[in-house]
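Comments concern the structure below.
Number of protein chains: 2
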Amino acid sequence: MFIISGKGTIIEKRPLARKLSAFVALSDAELSVLERLHKRRRTFVAGRDLVHQGQADQAAYILLSGWACSYKLLHDGQRQIVDFQIPGDFLGLRSVVLHVSDHSVEPVTDLEVTEVFAADLFEAFAQTPRLATALLWTASRDEAMVVEHLVGIGRRGAAERMAHFLLELGNRLTLVGLGSKAGYDCPLTQYLIADAIGLSAVHVNRVLRQLREDGLATFRDGHVTFDDYDKLAAFADFETSYLDQLGPLLK
Amino acid sequence: MFIISGKGTIIEKRPLARKLSAFVALSDAELSVLERLHKRRRTFVAGRDLVHQGQADQAAYILLSGWACSYKLLHDGQRQIVDFQIPGDFLGLRSVVLHVSDHSVEPVTDLEVTEVFAADLFEAFAQTPRLATALLWTASRDEAMVVEHLVGIGRRGAAERMAHFLLELGNRLTLVGLGSKAGYDCPLTQYLIADAIGLSAVHVNRVLRQLREDGLATFRDGHVTFDDYDKLAAFADFETSYLDQLGPLLK
DNA sequence: ACACCGGACTGATCGAGATCAGTCGACGAC
DNA sequence: GTCGTCGACTGATCTCGATCAGTCCGGTGT
């Protein structure tokens, strides 16, 4: 095990730093402020909620390893998964600002996170405004993703939706070193995907089969393979600009 | 014409101040910083886009009067309206942070706005951090609305979706003095509503008829009437908490 | 006075995806 | 070893909402 001493090592070990570094050249000072947020390490086991809809909570989390999902429950028991979180993502940032969580967060796999209290976060912002801007940028990017998700559910057919979903996840994972244009490991079940893209689990299965038979992508045994990345991207009308746009204030 | 001299008058004339004042007691100093943002008044005519998808722009707008909508276009010409903006709302705030707009904004009616450059906004934030927090709160609330919208399209049936849509708009309009539990004026066409809630215009019409015949709500001649507010809210499973939650840092 | 247009509205038909009702294989508990 | 469970997978049927193809009405321009 290494002691974190240099910039490179931090970026390697901290997916959040790595993600931000893809867009801003953060100074050593800024990286170390970021590093100091990672004080309180916690772990969660798969399936037990971190955050409950309606819960008043004061802490956000930075995801270090594992996958989570944020979702909303309807009165009739249906649920809509709003987004999945992967290493480097924040959990429950909006809950902190709005004081009460409007959604729940559940680990998909076992998780490692660092807990960040609102106060620590605001203090870090005060010390390094560029960091605050970088996080505002992350939040805006998250919102853009939700909007894109909305468009998908509202207007795209099931197969395009699925293709778009797989591509977006791939893109995000690549950014933190967990994926490539060839594919990525993916611990999601077909039920989880169904709840995310607004299909029934049955139909998810059929659509996956279709993508497989058309030679576009394969999802099997916890691994997504892009059989023909470009064809898949064309099929899904996948536009990456909402994902990898630089913040103007960060250049 | 009046000269704005007192707090009451500003709140009356500025829907944004009114909206924020429903959640934070802004001081006279804060209100006047807010007022000073309203320098550059502009008007737009219905139908001509303010912001184009893919456009690099530096200014955001505060809506003073009229309605707008933000939408995304798909390659095949379909569009998904992400949200409608009413007086007191920001237009294109996310575009400023991400540098490039990921969506377009079109006036539904003629508009009066004030144009705010990013620099002015950040300067105002530096002067009064509470104002920055208040706007962060607005942005979070907008995101919560998009999420709720996502849940609606993903999981609610057409009629509930419509009911929820009408109720949410009513709630938002009430906050700026343009609506009540009885109803509100609404310049939207059935085509616009269709593009927003992910239905065809034909089906919007049928669903509106159903709500009318069931004695829940009537939308006719540019006016929405809540015939039975409570029954409608129960039908739509309408939860207001995501709309009127206080920010904890603002109390 | 007439043509034209946009928005509300409607009936008939079609189709994507939900739902129902299963099978099958892997794996952990006892 | 077998029971129970969970996820992947499939065929048959049903249904919600899309699509097609109109009508009707109230402007507005000529």
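Chains as they are written, first to last, in the numbering used here: chain Y, 518 to 768; chain C, 518 to 768. All C-beta atoms, glycine included, are put in the ideal place defined by N, C-alpha and C.
#1: Residue ranges of each beta strand (DSSP E) run of no fewer than 3 residues wholly in the region 626-687 of chain Y, ordered along the chain?
#2: Under 8 Å, with one C-beta from each stretch per pair, do the region 616-626 of chain C and the region 560-573 of chain C reach the 3-pair mark?
#3: Are glycine 669 (chain Y) and cysteine 703 (chain Y) closer than 8 Å when you measure CB to CB?
#4: For chain Y, is any of its Cβ atoms less than 8 Å away from the one on alanine 676 (chain C)?
#5: Who pairs with glycine 700 (chain C) in a beta bridge, going by DSSP?
#6: So, for glycine 523 (chain C): in the same chain, excluding its five sequence neighbours on each side, which residues have a beta-carbon less than 6 Å away from its beta-carbon?
#7: Could you check what DSSP says for serine 544 (chain Y) in three-state terms: helix, strand or coil?
#8: The beta strand (DSSP E) that contains leucine 725 (chain Y), what's its start and end?
#9: Give the DSSP-derived three-state secondary structure of arginine 559 (chain C) in the structure shown.
#10: Considering only C-alpha positions, which residue in the set Y:Glu632, Y:Ala546, Y:Leu580 is nearest to phenylalanine 690 (chain Y)?
#11: Grouping DSSP H, G and I as helix and E and B as strand, with all else coil, what is leucine 537 (chain C)?
#12: Counting pairs of beta carbons, one from the region 701-717 of chain C and one from the region 622-631 of chain C, are three or more of them closer than 8 Å?
#13: Starting from the beta carbon of serine 717 (chain C), find every residue of chain Y whose beta carbon is closer than 7 Å, and list them in chain order.
#14: To the nearest angstrom, report how far apart glutamate 640 (chain Y) and aspartate 754 (chain Y) are at their CA atoms.
#15: Write down every uninterrupted run of the alpha helix (DSSP H) in the region 591-626 of chain C whose length is 4 residues or greater and which is fully enclosed by it, in chain order.
#16: Any residues in the region 647-661 of chain C with a beta carbon nearer than 9 Å to a beta carbon of chain Y? Which ones, in chain order?
#17: Hey, is phenylalanine 519 (chain Y)'s beta-carbon within less than 8 Å of any beta-carbon in chain C?
#18: Quick check: what's the CA-CA separation for glutamate 629 (chain C) versus alanine 635 (chain C)?
#19: Is the beta carbon of valine 599 (chain C) sitting closer than 8 Å to the one on valine 664 (chain Y)?
#20: Look at the alpha carbon of arginine 611 (chain C) and the alpha carbon of serine 657 (chain Y), and state the distance between them as a whole number of angstroms.
#21: So who's on the other strand from lysine 748 (chain C), going by DSSP bridges?
#22: Which chain C residues sit within Cβ distance under 7 Å of aspartate 754 (chain Y)?
#23: Chain C beta carbons: is any one of them nearer than 8 Å to that of valine 724 (chain Y)?
#24: Over the uninterrupted beta strand (DSSP E) stretch that includes alanine 734 (chain Y), give me the two end residues.
Here's the rundown:
#1: DSSP runs (the beta strand (DSSP E)) wholly in the region 626-687 of chain Y: 628-634.
#2: yes
#3: As a working mapping, residue 669 (chain Y) is identified with position 152 in the first sequence. As a working mapping, residue 703 (chain Y) is identified with position 186 in the first sequence. Contact: no.
#4: As a first step, residue 676 (chain C) is located in the second sequence; it is residue number 159 there, counting from the start. Chain Y contact via Cβ: absent.
#5: Locating residue 700 (chain C) in the second sequence gives position 183, counting from the first residue. The partner list for glycine 700 (chain C) (beta bridge, DSSP) reads C:Thr742.
#6: The residue given as residue 523 (chain C) occupies position 6 in the second sequence. Residue confidence for glycine 523 (chain C) is low, a pLDDT of 48 falling below 50, so the modelled location carries little weight; the figure read from the coordinates is stated next. Taking glycine 523 (chain C) as the centre and dropping the five residues before and after it, the same chain places no C-beta closer than 6 Å to its C-beta.
#7: The residue labelled residue 544 (chain Y) in the question sits at position 27 within the first sequence. Three-state result, serine 544 (chain Y): coil.
#8: Residue numbering aside, residue 725 (chain Y) sits at position 208 when the first sequence is read from its first letter. It is not in any beta strand (DSSP E) - leucine 725 (chain Y) instead sits in the alpha helix (DSSP H) that spans 718-730.
#9: The sequence position of residue 559 (chain C) within the second sequence is 42, counting from 1. Of the three classes helix, strand and coil, the one that applies to arginine 559 (chain C) here is strand, per DSSP.
#10: Mapped onto the first sequence, residue 690 (chain Y) falls at position 173. As written in the sequence, residue 690 (chain Y) is leucine, which differs from the phenylalanine given in the question. Selected option, being the one with the closest Cα: Y:Leu580.
#11: As a position in the second sequence, residue 537 (chain C) is number 20, starting the count at 1. Three-state DSSP puts leucine 537 (chain C) in a helix.
#12: yes
#13: As a working mapping, residue 717 (chain C) is identified with position 200 in the second sequence. Correct list: empty, because the minimum Cβ distance to chain Y is about 12 Å.
#14: Along the first sequence, read from residue 1 onward, the residue named residue 640 (chain Y) stands at position 123. Along the first sequence, read from residue 1 onward, the residue named residue 754 (chain Y) stands at position 237. Those two C-alpha atoms are separated by around 42 Å.
#15: 610-615, all fully within the region 591-626 of chain C.
#16: Taking 9 Å as the Cβ-Cβ cut-off against chain Y, the residues of the region 647-661 of chain C that qualify are Thr650, Leu653, Trp654, Ala656, Ser657, Arg658, Asp659, Glu660, Ala661.
#17: The count along the first sequence starts at 1 and reaches residue 519 (chain Y) at position 2. Caution is warranted here: a pLDDT of 39 is assigned to phenylalanine 519 (chain Y), below 50, making its placement in the model unreliable, and the coordinate value is therefore given only provisionally. No, phenylalanine 519 (chain Y) lies away from the interface with chain C (no Cβ there is under 8 Å from its Cβ).
#18: The residue labelled residue 629 (chain C) in the question sits at position 112 within the second sequence. The residue labelled residue 635 (chain C) in the question sits at position 118 within the second sequence. For glutamate 629 (chain C) and alanine 635 (chain C), the distance between alpha carbons rounds to 19 Å.
#19: If you number the second sequence from 1, residue 599 (chain C) lands on position 82. If you number the first sequence from 1, residue 664 (chain Y) lands on position 147. Yes. Within cutoff.
#20: Walking along the second sequence from the start, residue 611 (chain C) turns up at place 94. Walking along the first sequence from the start, residue 657 (chain Y) turns up at place 140. Their Cα atoms are separated by approximately 6 Å.
#21: The count along the second sequence starts at 1 and reaches residue 748 (chain C) at position 231. Answer is none; lysine 748 (chain C) lacks a bridge partner.
#22: Taking the first sequence and counting its residues from 1, the one referred to as residue 754 (chain Y) is at position 237. Residues of chain C passing the Cβ test: Leu591, His592.
#23: For the purposes of this step, residue 724 (chain Y) is taken as residue 207 along the first sequence, with counting starting at 1. By this cut-off, valine 724 (chain Y) is not an interface position.
#24: Numbered from its first residue, the first sequence carries residue 734 (chain Y) at position 217. In the DSSP annotation of this structure, the continuous segment of the beta strand (DSSP E) that includes alanine 734 (chain Y) starts and ends at 734-737.
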